[in-house]
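Chemist:
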Amino acid sequence: MSFNFSQKTAVSTKELFRQAEFDNILKCVHCGLCLDSCPTYRELDDEKDSPRGRLYIMRGLWEGELELEPSVIEPLSRCLDCRACESACPSGVPYGELLEKTRGIILENTPQSLKEKILRRVLFKGLFRSDKLLITASWILKIYSASGLPKLITKTIVGNFLPKSFVFQQHLLPECSGKSFKRKYADEILPPFLPPEIEVIDSQIQKKNLRVAMFSGCIMDVSETAVHESTLTLLRHIGCEVVVPGNQGCCGALHVHSGDRKTAQEFALKNLAAFEPRHLDAIITNAAGCGAQLQEYHHLFSETNPESETGGKSTENWISFENKIVDVLEFLSRFPELLE
Numbered sequence: 467m468s469f470n471f472s473q474k475t476a477v478s479t480k481e482l483f484r485q486a487e488f489d490n491i492l493k494c495v496h497c498g499l500c501l502d503s504c505p506t507y508r509e510l511d512d513e514k515d516s517p518r519g520r521l522y523i524m525r526g527l528w529e530g531e532l533e534l535e536p537s538v539i540e541p542l543s544r545c546l547d548c549r550a551c552e553s554a555c556p557s558g559v560p561y562g563e564l565l566e567k568t569r570g571i572i573l574e575n576t577p578q579s580l581k582e583k584i585l586r587r588v589l590f591k592g593l594f595r596s597d598k599l600l601i602t603a604s605w606i607l608k609i610y611s612a613s614g615l616p617k618l619i620t621k622t623i624v625g626n627f628l629p630k631s632f633v634f635q636q637h638l639l640p641e642c643s644g645k646s647f648k649r650k651y652a653d654e655i656l657p658p659f660l661p662p663e664i665e666v667i668d669s670q671i672q673k674k675n676l677r678v679a680m681f682s683g684c685i686m687d688v689s690e691t692a693v694h695e696s697t698l699t700l701l702r703h704i705g706c707e708v709v710v711p712g713n714q715g716c717c718g719a720l721h722v723h724s725g726d727r728k729t730a731q732e733f734a735l736k737n738l739a740a741f742e743p744r745h746l747d748a749i750i751t752n753a754a755g756c757g758a759q760l761q762e763y764h765h766l767f768s769e770t771n772p773e774s775e776t777g778g779k780s781t782e783n784w785i786s787f788e789n790k791i792v793d794v795l796e797f798l799s800r801f802p803e804l805l806e
């Protein structure tokens with residue numbers, strides 16, 4: 467993440483942070499128990515690149531003692547937002563929420579380079595918003611992988627003539643399917659079924675006639691269709707009625723992590739509209755990153771926001787939606803008779 471550090475707004479840094487509800491930053495007692503859990507601190511051995519150091523920086527911005535300048539912001543941009551520090555924190559500091567709000571303020575109030583503007587426009591505001599573009603990109607990657615070029619680049623002398631970062635990225639290419647799971651089952655009500663060879667289990671799922679929905683995501687929807695198909699089959703085999711809303715979209719996690727909270731708000735409202743009217747018992751996810759983001763949508767909206775920014779939705783609407791989000795394995799653990 468790169469920044470041009472000429473601040474775009476006449477509002478003071480302190481006022482920007484005061485508007486963003488940062489009171490939870492006071493929970494940090496600077497005990498340092500988070501340090502060993504932080505990958506950037508372990509790698510760089512610099513206090514500024516630790517959770518404690520970054521909280522010091524964010525508090526300095528919040529209190530008006532620091533300004534948006536390179537030495538202040540660069541440590542914040544190096545954070546992976548993995549939130550391992552939250553598990554280690556005895557005070558319950560919501561580090562991820564604070565960091566993501568800070569990155570939102572930075573994005574809104576510091577000019578971006580031309581390269582970053584193009585990347586954000588093409589990827590965040592283009593690709594992730596369009597099912598057609600995602601499917602097309604999936605087809606291109608599928609053909610590219612099948613061509614043998616990735617192996618040629620990584621296992622032969624060809625890689626020596628290419629940038630190391632490009633060669634490394636060949637190992638990270640997803641195995642794309644070229645098709646969309648969401649489109650295949652869009653808005654169908656898929657009843658439970660038990661194949662003849664499977665013994666019928668007297669489970670609470672069948673007794674309650676549970677209806678669940680599956681969240682398909684964006685990249686997962688076109689790259690991990692086999693995982694989605696297996697999840698769907700499992701849910702139906704244990705007695706769930708399943709629906710895959712066709713108008714759902716990206717969870718917005720990448721947007722939130724990079725500071726683009728406005729686009730993430732659009733995705734949040736879109737997903738709420740897709741799932742809320744369906745009278746569901748649970749919304750099943752099989753991607754941890756998506757599930758974590760879906761469970762924290764209310765952080766994107768302030769109680770002080772006008773209804774035009776929240777789509778007229780209250781905190782209660784968001785909490786009700788978030789309480790239905792559950793990972794498929796956690797969902798199964800609620801019914802121990804299935805594990806016997």
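Residue numbering for the sequence shown is 467 to 806, as defined by our numbering.
Glycine residues also receive a C-beta, built at the ideal position from the N, C-alpha and C atoms.
What is the DSSP secondary structure of Glu535, reduced to helix, strand or coil?
Modeler: Here the question's residue 535 lines up with position 69 in the sequence shown. If DSSP states are grouped into helix, strand and coil, Glu535 belongs with coil.
Chemist: Note the first and the last residue of the continuous beta strand (DSSP E) segment covering Thr751.
Modeler: Here the question's residue 751 lines up with position 285 in the sequence shown. Start and end: Ala748 to Thr751.
Chemist: Assuming contact is defined by CB atoms lying nearer than 8 Å, are Gly718 and Phe741 in contact in what I supplied?
Modeler: Working through the sequence shown from its first residue, we reach residue 718 at position 252. Working through the sequence shown from its first residue, we reach residue 741 at position 275. Not closer than 8 Å, so no.
Chemist: Taking the runs of the alpha helix (DSSP H) that are 4 residues or longer, which of them lie wholly in the stretch 493 to 547?
Modeler: DSSP runs (the alpha helix (DSSP H)) wholly in the stretch 493 to 547: 505 to 510, 517 to 528 and 536 to 544.
Chemist: Quick check on this structure: which residue in His764, Cys684, Gly519 and Lys567 has the alpha carbon closest to the alpha carbon of Cys551?
Modeler: Position 85 of the sequence shown, counted from the first residue, corresponds to residue 551. Selected option, being the one with the closest Cα: Gly519.
Chemist: Tell me the rounded alpha-carbon separation between Ser643 and Ser611.
Modeler: To locate residue 643, count along the sequence shown from 1; it is residue 177. To locate residue 611, count along the sequence shown from 1; it is residue 145. Whole-angstrom Cα-Cα distance: 11 Å.
Chemist: Rank Lys598, Lys617 and Arg702 by C-alpha distance to the C-alpha of Asp687 and give the top, closest one.
Modeler: Stepping through the sequence shown from its first residue, residue 687 is reached at position 221. Measuring from the Cα of Asp687, the nearest candidate turns out to be Lys598.
Chemist: Assuming Leu760 contacts Ile791 (C-beta within less than 8 Å), just tell me the rounded distance between them.
Modeler: In the sequence shown, counting from the first residue as 1, residue 760 sits at position 294. In the sequence shown, counting from the first residue as 1, residue 791 sits at position 325. About 5 Å; that satisfies the 8 Å criterion.
Chemist: Apart from the five residues just before and just after Ser557, which ones in its own chain have a Cβ nearer than 8 Å to its Cβ?
Modeler: In the sequence shown, counting from the first residue as 1, residue 557 sits at position 91. Taken in chain order, the residues that qualify are Lys493, Cys494, Val495 and Cys497.
Chemist: Could you tell me if Leu521 is buried or exposed, where buried requires 16 or more neighbouring beta carbons within 10 angstroms of its beta carbon?
Modeler: On the sequence shown, residue 521 is found 55 positions in, with the first residue counted as 1. Buried, since its Cβ has 16 or more Cβ neighbours within 10 Å.
Chemist: Bridge partners for Ala652 per DSSP, in chain order?
Modeler: Here residue 652 is taken as the residue at index 186 of the sequence shown, counted from 1. In DSSP, Ala652 forms a bridge with Val710.
Chemist: Can you tell me whether DSSP reads Ile704 as helix, strand or coil?
Modeler: Here the question's residue 704 lines up with position 238 in the sequence shown. Reduced to three states, the DSSP call for Ile704 is coil.
Chemist: Compute the beta-carbon to beta-carbon distance between Pro658 and Cys706, rounded to the nearest angstrom, for a pair I have assumed lies under 8 Å.
Modeler: Position 192 of the sequence shown, counted from the first residue, corresponds to residue 658. Position 240 of the sequence shown, counted from the first residue, corresponds to residue 706. That pair is a contact at about 6 Å.
Chemist: Using the three-state DSSP reduction, which class does Ala679 fall into: helix, strand or coil?
Modeler: The residue labelled residue 679 in the question sits at position 213 within the sequence shown. Strand.
Chemist: Counting C-beta neighbours from all protein chains within 10 Å, is the total for Glu531 16 or more, i.e. buried, or is it exposed?
Modeler: Along the sequence shown, read from residue 1 onward, the residue named residue 531 stands at position 65. Glu531 should be labelled exposed.
Chemist: I need the DSSP call for Met467, collapsed to helix, strand or coil.
Modeler: What you label residue 467 is simply residue 1 of the sequence shown in a count that begins at 1. Only weak support exists for where Met467 lies, its pLDDT of 46 falling under 50; the value from the coordinates is given anyway. The answer is coil: DSSP assigns Met467 none of H, G, I, E or B.
Chemist: Which residues share a DSSP beta bridge with Val792?
Modeler: For the purposes of this step, residue 792 is identified with residue 326 of the sequence shown, where counting begins at 1. For Val792, which the question treats as bridged, DSSP gives the partners Ile750.
Chemist: State the CB to CB distance for the pair Leu534 and Leu565, rounded to an integer number of angstroms; the pair is presumed to be in contact (CB under 8 Å).
Modeler: To locate residue 534, count along the sequence shown from 1; it is residue 68. To locate residue 565, count along the sequence shown from 1; it is residue 99. That belief does not hold up - the Cβ atoms of Leu534 and Leu565 are roughly 15 Å apart, past 8 Å.
Chemist: Only counting the same chain, and skipping five residues up and downstream in sequence, which positions put a Cβ closer than 8 Å to that of Val693?
Modeler: Residue 693 sits at position 227 when you count from the first residue of the sequence shown. If we look at Val693 and ignore the five residues flanking it on each side, its Cβ neighbours are Met686 and Asn752.
Chemist: CA-CA distance, His637 and Lys480?
Modeler: For this step, residue 637 is matched to residue 171 along the sequence shown. For this step, residue 480 is matched to residue 14 along the sequence shown. Approximately 43 Å, taken between the alpha carbons.
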